[in-house]
Amino acid sequence: MPMIQDILTSSLRGALVALGVDPVPDRIPVERSNRPELGDWSSSVALAAAKASGRKPRDLADELAARLGADPPAYVAEITVAGPGFVNFRLHDRWLHDVLTEVIEQGEEGYARYDLGHGERVNVEFVSANPTGPLHVGAGRWAVYGDALCRILERCGYGVHREYYVNDRGVQMGLLAASVAAAKAGRPTPEDGYKGQYISDWAAEMADDADPGAWAPQRAVADIQGALGALNVTFDTWFSEKSMVESGAIDAALTDLRASGLVYESDGATWLRTTDLGLAKDEVILKTGGEPTYLLGDLAYHRDKFTRGFTRLIDIWGADHHGHVARLKAGVRALGHDPDELEIVLGQLVTVERGGEVVRMGKRSGTFVELAEVVEEVGPDVARLTFLLQSIDTRQTFDLDAVVSKSMDNPVFYVQYAHARIASIGRVAGERNVPRYPLEMVDLSELTHPRELDLLRSLGELPEVVADACRTRAPHKVATWVRELAGRFHGFYHDCYVMGEGVSHEQTQARLWLVESTRIGLAIGLGLLGVSAPDSM
RNA sequence: GCCCCUGUAGCUCAGUGGAUAGAGCGGCUGCCUUCUAAGCAGCGGGUCGCAGGUUCGAGUCCUGCCGGGGGCGCCA
């Protein structure tokens with residue numbers, strides 16, 4: 029399909045040159061028409077180049093159409109001019125039939141696989157919630173977004189490494205250990221401690237001679253891993269913050285920072301002169317007493333990631349960490365790295381509602397809904413698509429009642445049902461001994477119904493959708509596309525029988541292949557979202 | 001005060017600077033004697049927050065204002 033665009037672009041360029049337009053615009057817009065009655069593709073170049081050509085847009089469009097019409101480019105059946113000066117191209121259906129062939133030839137593995145990354149090694153860090161308790165529902169957004177983005181990056185030629193940063197050190201860890209220990213001993217929760225039910229559950233679980241400081245974080249990590257596993261989200265590395273104290277990585281980072289000349293002592297603490305790096309104020313890296321701050325640990329961690337050979341780091345954070353972005357980037361620069369190699373994606377927060385009321389989330393107060401509970405109730409597919417259908421840039425309201433009680437209406441079933449129907453067609457074809465001939469023996473020009481052509485149009489867009497979703501870090505674009513393809517399939521399924529009375533053998537063959545190409549498209553799209561593609565429902 | 005995200009149908013949300021702004025849910029109405037009705041089709045529903053600006057052309061880009069969310073810790 030990009031081929032079509034290239035053909036039309038270069039034809040238009042040639043025609044503009046021949047007409048003496050000077051200068052010819054660098055970019056010649058050729059887009060899919062959203063007005064099917066006017067054509068399949070269209071170009072607005074006559075509007076943009078009118079001035080340079082010394083003609084009215086409409087006149088330039090007419091001349092372009094006449095010139096191109098004299099010797100039409102490949103696939104082009106008709107060229108017309110409409111509106112203020114759009115040049116519209118109607119193509120032979122063959123261009124869509126060629127899409128089908130391409131999908132089948134490249135298959136589930138090969139179709140829509142753009143090499144944008146050229147094997148670049150990317151480290152994607154996501155979730156990284158503190159191991160101070162179970163994950164709450166909102167964390168599911170980062171888990172699912174991050175995982176889907178990784179799948180898309182992989183399909184686009186990046187070498188992806190999924191990583192979870194475990195903040196198993198610092199003030200919050202002390203509070204967690206103290207909270208569990210207090211519960212164990214039957215004492216009241218310490219000030220600012222964690223009060224959730226899970227604290228007493230864990231206290232009961234913990235052996236009497238265990239060290240709460242070591243045991244509790246491990247228990248939390250196990251819990252988090254379980255919840256993420258249920259969502260089909262796994263990581264290559266669980267990176268412990270505490271391990272960097274023992275390994276000397278924190279000291280190494282500190283040494284590098286000192287070498288930058290931006291470190292000084294004041295008020296008993298050690299500071300990084302981030303005002304020299306464009307920030308409004310300096311940052312503490314060693315607290316009074318010598319304890320590393322979160323920033324220093326995070327800097328050591330990012331230094332370590334670069335050291336491991338990644339040339340691009342992507343961090344996915346909730347918008348509540350916005351204040352940390354400039355600090356971390358400044359610190360990365362102080363360590364001698366290009367801050368542009370660190371890409372931070374900020375996702376807007378999730379509001380959880382139940383019974384029309386906002387459920388306030390707080391691990392310390394203990395009032396939160398666990399991700400694991402929700403996933404157990406609705407399953408990973410519903411949970412994943414619910415998160416993935418919406419852009420990460422908008423605040424999401426996760427309505428528990430709607431997601432749970434109306435999970436049957438969840439769009440995921442609409443999409444999966446399309447896949448199941450396709451599988452069913454295959455089963456019935458088997459039962460009825462309907463063979464499927466090799467593609468090269470099948471006459472695809474049988475595919476002329478608007479429903480059939482719409483399916484192929486969607487399939488033809490998939491490579492661009494995937495590439496766009498990759499570039500803009502926007503998995504929801506794949507989710508939107510998958511829903512559209514499913515919708516078009518259901519329409520086809522309703523209007524166009526594949527087998528049976530009134531369907532010619534030739535039509536059956538062409539439609540069997542159309543259905544197979546649709547299955548491939550659904551499987552690719554769902555695979556990128558990490559949603560299963562069932563054969564029956 | 002400054003910084004980031006956001007405002008599109010009753011609700012939840014899509015919408016690469018292009019022509020007549022879409023989908024799902026909800027409401028009403030049709031469609032199961034051929035492959036799964038978890039489906040299809042139709043009807044109704046909009047000053048794209050407001051005001052300027054850039055452009056041949058703005059829901060989309062810029063500025064300002066208004067509303068919502070988040071941030072500006074020796075918490076993480």
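Residues are numbered in the numbering used here as their position in the first sequence, beginning at 1, plus a constant of 28.
Just so you know, even glycine gets a beta-carbon here, dropped at the ideal spot from N, CA and C.
On a predicted model such as this, the values are computed, not experimentally measured, just so you know.
With 16 or more neighbouring CB atoms inside 10 Å of its own CB, E474 falls in the buried class. Here the region 162-175 lies against the region 336-351, with 3 or more beta-carbon pairs under 8 Å apart. L483 is a Cβ neighbour of T546, given a cutoff of 8 Å.
Separation of V506 and R179 (C-alpha to C-alpha, rounded to the nearest whole angstrom) is 11 Å.
For the options F517, G42, M469, the alpha carbon positioned closest to that of H533 is the one of M469. In the DSSP assignment, the residues bridged to F114 are A110. Annotation for H352: the continuous alpha helix (DSSP H) segment containing it runs 350-362.
Counting C-beta pairs closer than 8 Å gives fewer than three between the region 119-132 and the region 81-91, which falls short of the contact rule. For R60, the uninterrupted beta strand (DSSP E) run begins and ends at 58-60, by DSSP. When the five nearest sequence neighbours on each side are left out, the beta carbons in the same chain lying within less than 7 Å of the beta carbon of T37 are those of I56, V58, in order along the chain. The DSSP-derived three-state label of S294 is strand.
The Cβ atoms of A400 and A255 sit closer than 8 Å to each other. DSSP places E65 outside both helix and strand once states are collapsed to three, so it counts as coil.
A straight line joining the alpha-carbon of T160 with that of G224 spans about 10 Å. DSSP links H189 through a beta bridge to N151. Taking 8 Å as the cut-off, the Cβ atoms of A209 and I227 do not count as close. Per the Cβ contact rule, the region 321-330 is in contact with the region 264-277 (3 or more Cβ pairs under 8 Å). With a threshold of 16 other beta carbon atoms within 10 Å, K357 meets it and is buried.
Around the beta carbon of Y465, fewer than 16 other beta carbons sit within 10 angstroms, so the residue counts as exposed. Straight-line measurement puts the Cα of P439 at about 24 Å from the Cα of Y139.
By the C-beta criterion, the region 161-168 is judged to be in contact with the region 247-261, since at least 3 inter-stretch pairs fall below 8 Å. Every alpha helix (DSSP H) of 4 residues or more that sits fully in the region 430-490 is shown, in chain order, as 439-459. With fewer than 16 other CB atoms across the displayed protein chains lying within 10 angstroms of its CB, E293 is exposed.
Under a 10 Å Cβ-count criterion, Q418 is classified as buried, with 16 or more other Cβ atoms of the shown protein chains found around its own Cβ. With contacts defined as CB atoms closer than 8 Å, D68 and R118 qualify as a contacting pair. Under the rule that a run must span 3 or more residues, the beta strand (DSSP E) segments found entirely inside the region 203-285 read 265-268.
Within the same chain, D343, W345, V353 come within 7 Å of I372 by CB-CB distance, once the 5 residues on both sides are set aside.
G113 places its beta carbon 8 Å or farther from that of L96. A buried status is given to E191, since no fewer than 16 other beta-carbon atoms sit within 10 Å of its beta-carbon. According to the DSSP assignment, V378 belongs to the beta strand (DSSP E) that extends over 378-382. Beta-bridge analysis with DSSP links Q424 to V378. In the three-state reduction of the DSSP assignment, P85 falls in the helix class.
Each residue's CA atom was taken as its position, placing A102 and S39 some 10 Å apart. Distance from the CA atom of E480 to the CA atom of E512, rounded to whole angstroms, is 14 Å.
In the three-state reduction of the DSSP assignment, V131 falls in the helix class. Looking only at S70, D368, G147, E136, the smallest Cα-Cα distance to G111 is reached by S70.
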